[in-house]
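In what follows, a single structure is set out as structure tokens and then discussed.
Here it is as structure tokens:
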């Protein structure tokens, strides 16, 4: 699904995810974030309450327009560092697969999209995954999640992590339904 477009006007997101995401923004942005959320009708967030997804996406879009996509990538990284993950998840591939289950748990009332994960052949001891994302969240936020989860769950001894957005493939930022990322670890 296209970036910043909920699949349905009834699609909702659990408040705990919203609170976690906003907490990942740097401290000096918190006042501006609160103002943007209130402007879009998302206020007094309760972790166990459901909120319409589209106003949250509208707030994210305004924040990206105001502060740039690099900030959302950093927010994705910070959010992934804090994200609770089931204790049985030990590898990056398991984490990627778990992202689909988590996505379904935190959304209701419409499709949340998902992640298609393929492990690609890579030479010289590299581990490489192709991740095709079809969520309504900004591609820069997804890139940040992937980078942070790769750091968190990459193989022991991983020294380099590269997350690359495939510019030759369709992109949600340009109205496409998917974005493709390559995550390479050495």
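Numbering (our numbering), first residue to last: 22 to 207.
Idealized CB from N, CA, C, for every residue including glycine.
Since this is a predicted model, take the numbers as computed values, not measurements.
In the three-state DSSP reduction, residue 205 falls in the strand class (E or B). Its chain contains 150, 167, 171, 184 as the residues whose beta carbon lies nearer than 6 Å to that of residue 204, once the 5 sequence neighbours on both sides are disregarded; these appear in chain order.
Within its own chain, the residues whose Cβ lies closer than 6 Å to the Cβ of residue 134, once the five positions on either side in sequence are excluded, are 22, 155, 156, listed in chain order. Leaving aside the five residues that flank residue 106 on each side, the residues in its chain whose CB is nearer than 7 Å to its CB run, in chain order, 116, 119. DSSP places residue 186 inside the beta strand (DSSP E), whose first and last residues are 182-186. DSSP, reduced to helix, strand and coil, places residue 148 within a strand of the structure shown. Nearest neighbour of residue 47 by Cα position, chosen from 130, 31, 127, 96, turns out to be 96. When DSSP states are grouped into helix, strand and coil, residue 127 belongs to the coil group. Within the same chain, 160, 164, 200, 202 come within 7 Å of residue 186 by CB-CB distance, once the 5 residues on both sides are set aside. Annotation note: the region 50-135 contains the following uninterrupted beta strand (DSSP E) runs of length 3 or greater, listed N- to C-terminal: 71-73. Between the alpha carbons of residue 71 and residue 128 lies a gap of roughly 9 Å. Beta bridge pairing from DSSP links residue 35 with 71.
DSSP lists 154 as the beta-bridge partner residues of residue 200.
Counting only the Cα atoms, residue 175 lies some 9 Å from residue 148. Rounded to whole angstroms, the gap between the alpha carbons of residue 49 and residue 101 is 20 Å. Residue nearest to residue 54 within the set 85, 162, 123 is 85 (criterion: CA-CA distance).
In this structure, residue 69 keeps its C-beta atom at 9 Å or more from the C-beta atom of residue 39. Listed as beta-bridge partners of residue 139 by DSSP are 151.
The three-state secondary structure of residue 163, taken from DSSP, is helix.
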